[in-house]
Structures are given as structure tokens and as C-alpha cells.
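For reference, the structure is listed below as C-alpha cells.
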Amino acid sequence: MTANIAEFLRASAARHPDAAFVISGDRQYSWAEADRDVDAYAVGLAQRGLHPGDRVAMLLGNTYEFIVAYYAAARCGLVTVPLNPAYTAPEVAVLLADSDTRLLLVQPSTQTVGEDAAAALPGCEVISVVGSEWARTRRSGEGAGPPQLAIDGEGLALLLFTAGTSGRPKAAMLSHAALRANIDLLMSLTEPPAVVDSDVVLIVLPMFHVYGLNTALGMAVAAGATCVLSDRFDPVETLALIARERVTTVAGAPAMYQAWCRTPGVGQAMAGVRLLSSGGAPLPRRVFAEFAELTGKEIFEGYGMTETAPVIATTLVSGVPKAGSVGRPLPGLELRLVDESGGEVDEGDPGEVCVRGPSVFRGYWPDGAGGPDAEGWFRSGDVAYADEDGDLHLVDRRREVILVNGFNVYPREIELVIDAMDGVGEAAVVGVPDDATGEAVSALVVPLPGVTLTPEQIAEHCSTRLARFKRPATIRVVEALPHSATGKVAKGRLRDVYGDTGYGT
23 MTANIAEFLR
33 ASAARHPDAA
43 FVISGDRQYS
53 WAEADRDVDA
63 YAVGLAQRGL
73 HPGDRVAMLL
83 GNTYEFIVAY
93 YAAARCGLVT
103 VPLNPAYTAP
113 EVAVLLADSD
123 TRLLLVQPST
133 QTVGEDAAAA
143 LPGCEVISVV
153 GSEWARTRRS
163 GEGAGPPQLA
173 IDGEGLALLL
183 FTAGTSGRPK
193 AAMLSHAALR
203 ANIDLLMSLT
213 EPPAVVDSDV
223 VLIVLPMFHV
233 YGLNTALGMA
243 VAAGATCVLS
253 DRFDPVETLA
263 LIARERVTTV
273 AGAPAMYQAW
283 CRTPGVGQAM
293 AGVRLLSSGG
303 APLPRRVFAE
313 FAELTGKEIF
323 EGYGMTETAP
333 VIATTLVSGV
343 PKAGSVGRPL
353 PGLELRLVDE
363 SGGEVDEGDP
373 GEVCVRGPSV
383 FRGYWPDGAG
393 GPDAEGWFRS
403 GDVAYADEDG
413 DLHLVDRRRE
423 VILVNGFNVY
433 PREIELVIDA
443 MDGVGEAAVV
453 GVPDDATGEA
463 VSALVVPLPG
473 VTLTPEQIAE
483 HCSTRLARFK
493 RPATIRVVEA
503 LPHSATGKVA
513 KGRLRDVYGD
523 TGYGT
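So, in C-alpha cells, the structure goes:
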């Protein structure tokens with residue numbers, strides 16, 4: 023098997039070509055059908071004039087077309103740039119320009135946004151995956167056979183935009199080798215096994231996110247399991263889907279489990295599920311306990327980052343779920359907890375998580391800045407401690423990134439949007455605890471002298487410029503913000519000035 027991530031699909035199709043690969047609504051696709059589609063589109067994309075290393079962005083939901091486009095791009099050496107379908111046109115335009123994208127794939131619900139975003143980028147073509155041009159791309163590649171392309175293990179497969187300290191997201195560069203390594207390390211866990219070929223895997227996590235893409239989808243493809251797609255999370259509908267399709271494996275986020283705890287029939291629906299995992303944000307202990315009481319099943323929790331493809335640690339390593347813990351590092355990854363100077367902390371003390379291993383990224387696009395150091399260590403910005411069993415517990419983040427339902431929200435990006443509003447003198451955005459989403463966005467805004475602003479006006483301004491999950495959940499108009507001696511907003515003092523949670527509305 024070559025290093026290309028798409029070879030996982032090829033191998034599974036060879037093992038059981040007629041078995042069900044994807045179930046999406048009332049449609050079912052076999053492994054052989056998907057492998058043929060991937061070949062045809064890979065050849066068709068190359069025939070459109072795209073060359074290895076060119077970027078193809080996708081503004082798509084959890085659909086069969088997403089899967090085919092992703093593996094087709096990989097198979098012909100293109101670099102996929104998955105984007106959140108909830109983004110606005112200005113947000114998409116920035117990411118397309120930063121990644122120098124040649125082709126943007128859209129669906130009917132994102133076509134207008136995609137076309138508006140690409141309008142100022144003459145080198146970026148927009149194609150709908152349910153349109154005639156995409157169908158022509160497939161037809162042009164039919165019958166040509168599989169593309170003949172050797173991919174070096176360090177060949178770039180993905181650009182995934184993640185947190186940036188400058189107010190703009192940065193694109194993490196993930197190679198085929200890094201993506202494959204994380205899957206292989208997870209597949210090496212056998213008690214219990216993460217995914218096996220007899221599993222039916224629910225994929226409701228968005229595939230534009232590394233957790234849904236490489237952990238949920240990628241592992242299912244490597245194992246040859248059946249994937250049941252859901253394009254949105256609704257607790258009632260997903261429980262019905264789990265029961266109807268006899269799902270055995272669920273990769274989820276804390277907000278999903280919390281919602282299921284409030285949904286009648288959760289125990290019956292989950293009766294046939296053998297493995298439940300959670301990531302993207304810390305799983306509250308009370309949710310862990312309540313879900314176990316309602317279903318008789320415990321949740322395996324993990325921790326990772328986009329930059330590590332993504333899993334760093336999981337309770338699957340020990341095979342024992344533990345409330346409040348994200349478990350131990352995957353075998354094959356090295357982990358250290360260090361202090362500010364880079365020295366290892368004393369046993370039991372919290373320190374910044376540093377990781378080294380084959381699934382670590384190559385740095386940020388385009389020049390690899392911010393990647394691992396000369397010895398291969400990547401400083402995560404997250405703080406954790408190890409308990410007496412060697413299991414990790416996350417404590418805090420050194421970075422100011424806000425995690426809303428597991429998605430990175432960049433305070434500076436939101437501050438820049440609010441600062442651009444007429445009458446705004448200054449704004450500060452921070453994350454605050456939220457039972458439903460893990461964290462929520464909170465904004466404090468200082469008007470210019472003599473100007474009256476309301477939270478409703480600020481919310482309306484943000485609604486047309488930011489995706490819904492980035493918009494402040496709470497907004498407070500205040501007289502002043504605390505500053506450091508250099509004039510920077512002292513975010514660490516905001517809670518001292520305005521209280522501990524929410525800051526009011």
C-alpha cells in the first residue's frame with residue numbers, strides 16, 4: 023500500500039467490494055461503487071488542468087459527494103481545504119485567498135456564498151457537486167482506469183484552518199503520512215478496538231473538521247466499516263438513526279451527549295452501540311455520569327488538535343473510561359509536560375503539553391512556520407497534569423482560543439468585526455463556561471464618547487459578518503476595559519472587573 027491516504031479506501035474496496043460503505047438518507051453506496059467514483063473524479067480533476075499540490079476547497083456538508091471529492095483529490099495529489107458551510111462569503115473569501123485555492127466545490131445551500139467569495143479571485147473556479155459540470159468531470163474520467171500517481175509520505179494532503187494569534191486563522195499543513203499515522207496508531211488499540219470492519223459508524227461530526235474527517239471517517243474507511251451519514255445533529259433524529267441503522271460506534275462531542283441525556287428513549291436507542299467516544303472539548307463529569315446512568319454505557323474521552331491529525335491521548339489506551347480524564351498518549355507518540363522555560367514539570371504538576379511523533383503536522387501554510395522545533399516537539403498551548411495512573415487531565419489553555427462545541431473561535435477575529443462598527447471605541451472577546459456548548463463567546467464593548475450602543479445593535483452587526491457559532495452569546499456595553507502598562511487589554515483582569523461568568527447581557 024502506498025502512502026496516499028486514499029489507499030485505505032482502495033484496500034477496503036478490494037476486501038469486500040459489494041458491502042455497504044456509505045448510507046446517506048435512503049441511498050446506499052458500496053465500496054466498489056465509491057472506489058470507481060473516486061477513480062473517475064481523480065482523473066477528471068487532473069483533466070481539468072489541476073496539478074499535484076494545487077488546492078481544492080470544499081464548502082460541503084456530510085454527504086457522499088464530500089467523501090468522494092476528498093478521496094479523489096487525495097488520489098490525484100491535490101491538497102484539500104475543507105471549509106465550514108456555515109461561513110459567510112467574507113470569511114470564505116479570506117481563506118480561499120490565503121490558501122490560493124484553484125477550485126471550490128459547493129452544494130446548493132452554499133453555492134451563493136461560494137460564488138460571492140470567489141468573485142474577487144479570478145483563479146478560483148466554483149463547481150456545484152450536484153451540477154452538470156461536476157457530472158462532466160466524472161464522465162471525463164470514466165474508463166481511464168486509476169490515476170497513476172506516486173505520493174511521497176510527506177506529500178501534503180490537507181490544509182485545515184485553525185487558531186491564529188493575529189486575528190486570522192492559520193492553515194495547518196497535514197501530510198498523507200501524518201493522517202495515516204494517526205489512524206494506524208488508533209487502529210492498534212484492541213481492548214476495546216476503536217473500529218472494526220463489522221462496525222456501523224455514525225458520522226454526524228462535521229467532516230470539514232479534523233475530528234470528523236480523520237478520526238470518524240478516516241478510521242471507518244481504514245477498517246472497512248459502514249458509515250451512516252447525518253448532515254446535522256438533532257438529538258431525536260440521530261437517536262432514531264442509530265436505532266434504525268443498528269449503529270455500533272459513535273464518535274461525538276460533549277454537547278451531543280448532553281442533548282441525548284435530555285432525550286426520551288436514549289437507553290433503548292443506544293442498546294446496540296458497543297463504543298462511544300467524545301472529543302473536541304472537555305466532557306463534563308456530570309454528563310459522563312448521567313449518560314452512564316441512563317444508558318448503562320460509559321464514554322471514552324480523548325484529546326487532540328488539528329496539528330496532530332488529531333488524537334494525542336484517549337482513555338481507549340487503557341481501555342477504561344475515566345470521568346474528567348482524556349487518558350494516555352497513543353502508543354507511538356511521545357508527550358512531555360513542560361514549564362515556561364521548556365523544562366519538564368515535577369510529577370503531578372501541571373505543564374504545557376508537548377507532543378512528538380509521526381502524526382504531527384509540518385507547520386502552518388505556506389512556509390511551515392510555527393511547526394515542531396528542531397527536535398520534533400510541538401508545543402500545544404494546552405496545560406494538563408498526569409494523575410497517579412498516568413492519565414491526563416486538561417487544566418487550561420495558554421492560548422485565548424474559545425472552543426464552542428469543539429470548534430475553534432478566534433477572539434481577535436471577532437474583535438476586528440466589532441471594532442469596524444460605527445461608534446465602537448474598543449472591544450474585548452473572551453470565552454466563558456457554557457453548559458450546552460462547553461464555552462461561549464462573550465464580548466465587552468466600549469462605545470466612543472457621546473455614542474450610545476445597545477447589545478442588540480452589536481449583535482445585528484455581527485450576524486451578517488460572522489458564522490453563527492462565532493457570534494457573541496453575551497454582549498455587554500461597558501464604560502472602560504482594564505489595560506496593562508503597555509496599553510493592551512488585560513483579559514486576565516476582566517473577570518475581576520465584570521464578574522465570573524457571562525458578564526451580563
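Residue 477 in my numbering sits at position 455 of the sequence shown, with consecutive numbering throughout. Even for Gly, the Cβ is constructed at its ideal location relative to N, Cα and C. Predicted model only: the values in this text are computed from it and were never measured.
CA-to-CA distance, residue j to residue i, given in whole angstroms
i, j, result
"Gly-136", "Arg-124", "13 Å"
"Leu-72", "Arg-58", "20 Å"
"Gly-370", "Ala-293", "38 Å"
"Glu-4", "Ala-291", "Past the edges of the chain, shown from 23 to 527, lies residue 4, and the structure says nothing about it."
"Val-405", "Leu-425", "15 Å"
"Glu-164", "Val-60", "10 Å"
"Phe-400", "Val-333", "14 Å"
"Ala-142", "Gln-133", "15 Å"
"Leu-305", "Ala-200", "26 Å"
"Glu-147", "Leu-178", "21 Å"
"Val-232", "Ser-363", "30 Å"
"Pro-394", "Arg-384", "7 Å"
"Ala-145", "Val-78", "It is worth fixing the name first, because residue 145 is Gly in this sequence and not Ala. Rounded to the nearest angstrom, the two C-alpha atoms are 12 Å apart."
"Thr-102", "Glu-176", "15 Å"
"Tyr-63", "Leu-239", "19 Å"
"Asp-40", "Ala-56", "10 Å"
"Glu-422", "His-505", "16 Å"
"Tyr-325", "Thr-336", "6 Å"
"Leu-263", "Val-473", "52 Å"
"Thr-212", "Asn-236", "19 Å"
"Asp-221", "Leu-298", "12 Å"
"Pro-494", "Ala-36", "49 Å"
"Val-272", "Glu-501", "47 Å"
"Leu-261", "Trp-282", "8 Å"
"Gly-524", "Ala-465", "Caution is warranted here: a pLDDT of 42 is assigned to Gly-524, below 50, making its placement in the model unreliable, and the coordinate value is therefore given only provisionally. Cα-Cα distance, rounded: 9 Å."
"Gln-280", "Val-454", "18 Å"
"Glu-312", "Ala-277", "13 Å"
"Ser-197", "Asp-457", "36 Å"
"Thr-285", "Arg-254", "16 Å"
"Ala-449", "Arg-296", "47 Å"
"Gly-365", "Ala-25", "35 Å"
Neighbourhood of residue i by C-beta, 7 Å cutoff - its chain only, sequence neighbours within 5 removed
i, result
"Arg-307", "Ala-345 and Gly-346"
"Arg-70", "Thr-159"
"Gly-287", "Leu-261"
"Leu-22", "In the structure displayed, the chain extends from 23 to 527; residue 22 sits before or after that span and is not available."
Within 8 Å, strictly: CB atoms of residue i and residue j
i, j, result
"Ser-381", "Leu-207", "yes"
"Val-375", "Leu-359", "yes"
"Ala-512", "Ile-497", "no"
"Val-151", "Leu-127", "yes"
"Ala-275", "Ser-252", "no"
"Met-229", "Asn-84", "yes"
"Val-463", "Ile-436", "yes"
"Leu-414", "Val-348", "yes"
"Gly-445", "Val-468", "no"
"Leu-182", "Thr-328", "yes"
"Ala-193", "Asp-122", "no"
"Gly-390", "Met-195", "yes"
"Ala-28", "Tyr-93", "yes"
"Asn-427", "Phe-491", "yes"
"Val-114", "Leu-105", "yes"
"Gly-289", "Thr-317", "yes"
"Gly-354", "Pro-214", "no"
"Pro-112", "Ser-131", "no"
"Pro-343", "Glu-315", "no"
Cβ-based neighbour list, residue i, same chain, cut-off 8 Å, excluding 5 preceding and 5 following
i, result
"His-38", "Trp-53, Asp-219 and Gly-246"
"Ser-188", "Summary for Ser-188: the model assigns pLDDT 48, below 50, so the residue's position carries little reliability, and this model does not support an answer."
"Leu-470", "Gly-445, Val-446 and Gly-447"
One or two residues paired with residue i in a DSSP bridge
i, result
"Lys-192", "Thr-184"
"Asn-430", "Leu-425"
"Phe-322", "Ser-299"
"Ser-197", "Leu-178"
6 Å CB neighbourhood of residue i in its chain, flanking five on each side removed
i, result
"Gly-398", "Arg-378"
"Val-65", "Gly-163, Ala-166 and Pro-169"
"Val-44", "Tyr-51, Tyr-86 and Cys-249"
"Phe-30", "Val-243 and Ala-244"
"Met-443", "His-483"
Residue ranges of each alpha helix (DSSP H) within the stretch 115-167, 4 or longer = 133-140 and 154-163
Could you tell me which uninterrupted alpha helix (DSSP H) segments, each at least 4 residues in length, are contained entirely in the stretch 464-509, listed from first to last along the chain?
-> 477-485
Where in the stretch 238-262 do unbroken runs of the alpha helix (DSSP H), each at least 4 residues long, occur, reported from the N-terminal end onward?
-> Listed in chain order, the complete alpha helix (DSSP H) runs (minimum 4 residues) inside the stretch 238-262 are 240-245.
Which runs of the alpha helix (DSSP H) fall wholly inside the stretch 252-320 and span at least 4 residues, in chain order?
-> 257-266, 276-283, 288-291 and 307-317
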